[in-house]
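Novice:
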DNA sequence: TATTGTTATACTCTATAACTATA
DNA sequence: TATAGTTATAGAGTATAACAATA
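Chains as they are written, first to last, in my numbering: chain A, 281 to 432; chain B, 281 to 432.
Dropping the structure here:
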């Protein structure tokens with residue numbers, strides 16, 4: 281069987297993940313921890329509850345990830361100014377710089393990849409991928425709703 | 281910032297993985313175990329060493345995955361006919377059927393997704409994705425070679 | 001000697017449940 | 001009562017290292 285569009289899409293994601301893993305090997309960073317840093321860079325200082333919601337993981341999981349990132353000097357925990365139950369997580373300067381560099385690498389990679397596509401194919405490619413992502417999002421959401429319904 | 285092509289690609293893969301996880305929730309199957317089954321369906325009966333090589337994971341990891349799949353009735357272990365060190369892993373009939381159904385769902389999904397793309401965009405889309413996957417594969421391979429070189 | 005798969009050990013991600021402090 | 005985060009516990013994926021059986 282010839283690979284389908286979906287197969288090519290999944291291949292891209294597999295390659296990307298493999299490269300991430302390689303890039304972080306030998307450091308204390310992992311894909312999950314980087315997702316936390318990435319989110320903090322985009323949102324700014326956040327409570328652990330906010331991180332858990334955005335990442336769609338449990339509060340317990342966030343505790344562990346923040347523990348590790350705090351130990352490695354990537355984030356700081358500080359008390360919330362008004363809610364004494366809550367903890368605010370902030371990127372350290374070094375981590376903020378690192379994330380800025382990562383973001384710029386990411387943008388550069390996107391350019392490099394697009395550069396491999398014939399110029400006249402670029403616009404339809406972009407439209408096509410956006411359409412596929414939207415359709416897939418609908419399908420997944422419908423499946424999740426159906427699952428939630430069945431569980432009642 | 282507007283999302284780049286790469287962001288859209290990664291969104292597709294994230295949605296896909298989320299749907300996989302949802303589909304297997306409540307069963308003993310997981311993404312890793314399904315990868316083993318998928319591979320067995322494509323390769324036919326294989327030794328654990330072959331599985332470890334194809335999946336690019338450790339022998340230990342394969343032992344655990346096969347243990348779980350054997351317990352759940354998805355695979356059988358049998359002695360290798362000529363090499364008494366090796367174990368041959370085979371899909372059970374039920375698992376083979378299940379994988380055939382999954383493969384057909386996968387093909388169907390690919391059609392459904394392509395259906396969301398404007399007809400005149402489909403060919404350039406496909407060409408574009410193939411080009412991106414190829415370029416990314418080059419980049420990742422080069423990075424891996426560079427890393428291996430640096431480690432010497 | 002080299003290879004196949006297992007046992008031993010350890011780390012990470014993840015979840016639920018019980019609990020503490022606070023709202 | 002409800003919420004934020006931690007401790008306790010557990011399952012799964014993954015790795016390396018030591019080991020047994022076999023090649």
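Ideal placement from N, C-alpha and C gives every residue a C-beta, glycine not left out.
Treat the numbers as computed from the prediction; the structure is a model and nothing was measured.
Considering only their Cβ atoms, is the gap separating residue 368 (chain A) from residue 358 (chain A) smaller than 7 Å?
Specialist: As a first step, residue 358 (chain A) is located in the first chain; it is residue number 78 there, counting from the start. As a first step, residue 368 (chain A) is located in the first chain; it is residue number 88 there, counting from the start. Yes, the pair counts as a contact, with Cβ atoms nearer than the cut-off.
Novice: Could you check whether the Cβ of residue 374 (chain B) sits closer than 6 Å to any heavy atom belonging to the ligand GDP?
Specialist: As far as ligands go, the structure on display features none, and thus does not contain the ligand GDP.
Novice: Straight-line CA distance for residue 288 (chain A) to residue 410 (chain B)?
Specialist: Along the first chain, one-based indexing puts residue 288 (chain A) at 8. Along the second chain, one-based indexing puts residue 410 (chain B) at 130. Rounded to the nearest angstrom, the two C-alpha atoms are 6 Å apart.
Novice: Express the C-alpha separation of residue 352 (chain B) and residue 337 (chain B) in angstroms, rounding to a whole number.
Specialist: For the purposes of this step, residue 337 (chain B) is identified with residue 57 of the second chain, where counting begins at 1. For the purposes of this step, residue 352 (chain B) is identified with residue 72 of the second chain, where counting begins at 1. C-alpha separation (whole angstroms): 21 Å.
Novice: Just the C-alpha distance for residue 283 (chain A) and residue 404 (chain A), rounded to the nearest angstrom, thanks.
Specialist: Residue numbering aside, residue 283 (chain A) sits at position 3 when the first chain is read from its first letter. Residue numbering aside, residue 404 (chain A) sits at position 124 when the first chain is read from its first letter. Cα to Cα, the separation comes out at about 20 Å.
Novice: With DSSP as the reference, identify every bridge partner of residue 352 (chain A), one or two as the case may be.
Specialist: The sequence position of residue 352 (chain A) within the first chain is 72, counting from 1. Looking at the DSSP assignment, residue 352 (chain A) forms no beta bridge with any residue, so it has no partner.
Novice: Please classify residue 380 (chain B): is it buried, with 16 or more other beta-carbons within 10 angstroms of its beta-carbon, or exposed?
Specialist: Stepping through the second chain from its first residue, residue 380 (chain B) is reached at position 100. Per the 10 Å Cβ criterion, exposed.
Novice: Put residue 392 (chain A) into one of helix, strand or coil per three-state DSSP.
Specialist: Translated into the one-based positions of the first chain, residue 392 (chain A) becomes position 112. If DSSP states are grouped into helix, strand and coil, residue 392 (chain A) belongs with the helices.
Novice: Report the rounded CA-to-CA distance for residue 343 (chain A) versus residue 285 (chain B), giving the unit in angstroms.
Specialist: Within the first chain, the letter at position 63 stands for residue 343 (chain A). Within the second chain, the letter at position 5 stands for residue 285 (chain B). For residue 343 (chain A) and residue 285 (chain B), the distance between alpha carbons rounds to 33 Å.
Novice: Quick one, which residues of the segment 297-313 of chain B are near chain A if we go by CB-CB under 7 Å, in chain order?
Specialist: Listed by position along the chain: 298, 299, 302.
Novice: Can we say the segment 305-319 of chain B touches the segment 416-424 of chain A, given the rule of at least three CB pairs closer than 8 Å?
Specialist: Judged by Cβ distances under 8 Å, the segment 305-319 of chain B makes no contact with the segment 416-424 of chain A, as fewer than three pairs qualify.
Novice: Which one or two residues does DSSP pair with residue 371 (chain A) in a beta bridge?
Specialist: As a first step, residue 371 (chain A) must be located in the first chain, where it is residue number 91. Residue 371 (chain A) pairs with A:355.
Novice: Take residue 370 (chain A) and list the residues in its own chain whose beta-carbon comes closer than 6 Å to its own, dropping the five residues that flank it on each side.
Specialist: As a working mapping, residue 370 (chain A) is identified with position 90 in the first chain. The answer, listed in chain order, is 325, 356.
Novice: From residue 470 (chain A) to residue 423 (chain B), what distance separates their C-alpha atoms?
Specialist: With chain A covering only 281 through 432, there is no way to say anything about residue 470 (chain A).
Novice: Under the DSSP definition of a beta bridge, which residues are partnered with residue 327 (chain B)?
Specialist: Position 47 of the second chain, counting from 1, holds the residue named residue 327 (chain B). In the DSSP output, where bridge partners are listed per residue, residue 327 (chain B) has B:368.
Novice: Compare the C-alpha of residue 318 (chain A) against each of A:362, A:377, A:290, A:294 and name the closest.
Specialist: The residue you call residue 318 (chain A) lines up with position 38 of the first chain. Ranking A:362, A:377, A:290, A:294 by Cα distance to residue 318 (chain A) puts A:377 first.
Novice: Buried or exposed: which applies to residue 408 (chain B), given that a residue is buried once 16 or more other Cβ atoms fall within 10 Å of its Cβ?
Specialist: Start at 1 with the first residue of the second chain, and residue 408 (chain B) comes out as number 128. That one is buried.
Novice: Is it right to say residue 238 (chain A) is buried, meaning 16 or more other beta carbons lie within 10 angstroms of its own, or is it exposed?
Specialist: For chain A, the structure presents residues 281 to 432; residue 238 (chain A) sits outside this window and is missing.
Novice: Is it the case that the Cβ atoms of residue 412 (chain A) and residue 393 (chain B) are separated by a distance below 7 Å?
Specialist: Residue mapping note: residue 412 (chain A) aligns to position 132 of the first chain, counting from 1. Residue mapping note: residue 393 (chain B) aligns to position 113 of the second chain, counting from 1. For residue 412 (chain A) and residue 393 (chain B), yes; Cβs fall inside 7 Å.
Novice: Please list the partners that residue 334 (chain B) has in chain A, where partner means a Cβ-to-Cβ separation under 8 Å.
Specialist: Position 54 of the second chain, counted from the first residue, corresponds to residue 334 (chain B). The contacting residues do not exist; residue 334 (chain B) stays about 13 Å from chain A at best.
Novice: What are the residues in the segment 380-407 of chain B lying within 9 Å of chain A by C-beta distance?
Specialist: Against chain A - using a Cβ distance shorter than 9 Å - the residues of the segment 380-407 of chain B are 383, 386, 387, 389, 390, 391, 392, 393, 394, 395, 396, 397, 398, 400, 401, 402, 403, 404, 405, 406, 407.
Novice: Who are the near neighbours of residue 304 (chain A) in its chain, counting only those whose CB is closer than 8 Å to its CB and skipping five residues on each side?
Specialist: Position 24 of the first chain, counted from the first residue, corresponds to residue 304 (chain A). Excluding residues within five positions, the ones whose Cβ falls inside 8 Å are 310, 311, 314.
Novice: On the DSSP letters alone, give me the boundaries of the alpha helix (DSSP H) that residue 416 (chain B) sits inside.
Specialist: The count along the second chain starts at 1 and reaches residue 416 (chain B) at position 136. Looking at the DSSP string, the run of the alpha helix (DSSP H) that includes residue 416 (chain B) is 399-430.
Novice: Terminal residues of the continuous alpha helix (DSSP H) containing residue 446 (chain A)?
Specialist: Here chain A has residues from 281 to 432 only, and residue 446 (chain A) is not among them.
Novice: I'd like to know whether the C-beta of residue 337 (chain A) is nearer than 7 Å to at least one C-beta of chain B.
Specialist: One-based indexing of the first chain puts residue 337 (chain A) at position 57. For residue 337 (chain A), the answer is no, since every Cβ of chain B falls outside 7 Å of its Cβ.
Novice: Please confirm if residue 288 (chain B) has its CB atom under 7 Å from at least one CB of chain A.
Specialist: Along the second chain, one-based indexing puts residue 288 (chain B) at 8. Yes, contact with chain A.
Novice: From residue 300 (chain A) to residue 387 (chain A), what does the alpha carbon distance come to, in whole angstroms?
Specialist: Translated into positions along the first chain, residue 300 (chain A) becomes position 20. Translated into positions along the first chain, residue 387 (chain A) becomes position 107. Their Cα atoms are separated by approximately 15 Å.
Novice: Between the beta-carbon of residue 391 (chain A) and the beta-carbon of residue 295 (chain B), is there less than 7 Å?
Specialist: Taking the first chain and counting its residues from 1, the one referred to as residue 391 (chain A) is at position 111. Taking the second chain and counting its residues from 1, the one referred to as residue 295 (chain B) is at position 15. Cβ atoms of residue 391 (chain A) and residue 295 (chain B): not closer than 7 Å.
Novice: Could you say which of A:291, A:349, A:334 lies nearest to residue 372 (chain A) if we only look at CA atoms?
Specialist: The sequence position of residue 372 (chain A) within the first chain is 92, counting from 1. Ranking A:291, A:349, A:334 by Cα distance to residue 372 (chain A) puts A:349 first.
Novice: Would you mind sorting residue 428 (chain A) into buried or exposed? The rule is 16 or more other CB atoms within 10 Å of its CB.
Specialist: Residue mapping note: residue 428 (chain A) aligns to position 148 of the first chain, counting from 1. The residue in question, residue 428 (chain A), is exposed, as its Cβ has fewer than 16 Cβ neighbours within 10 Å.
Novice: Which same chain residues end up closer than 6 Å to residue 366 (chain A) when comparing Cβ atoms and leaving out the 5 residues on each side of it in sequence?
Specialist: The residue you call residue 366 (chain A) lines up with position 86 of the first chain. Only 327, 360 meet the Cβ criterion.
Novice: May I ask you to report which of helix, strand or coil DSSP gives residue 281 (chain A)?
Specialist: Here residue 281 (chain A) is taken as the residue at index 1 of the first chain, counted from 1. Note: residue 281 (chain A) maps to coil in three-state DSSP.
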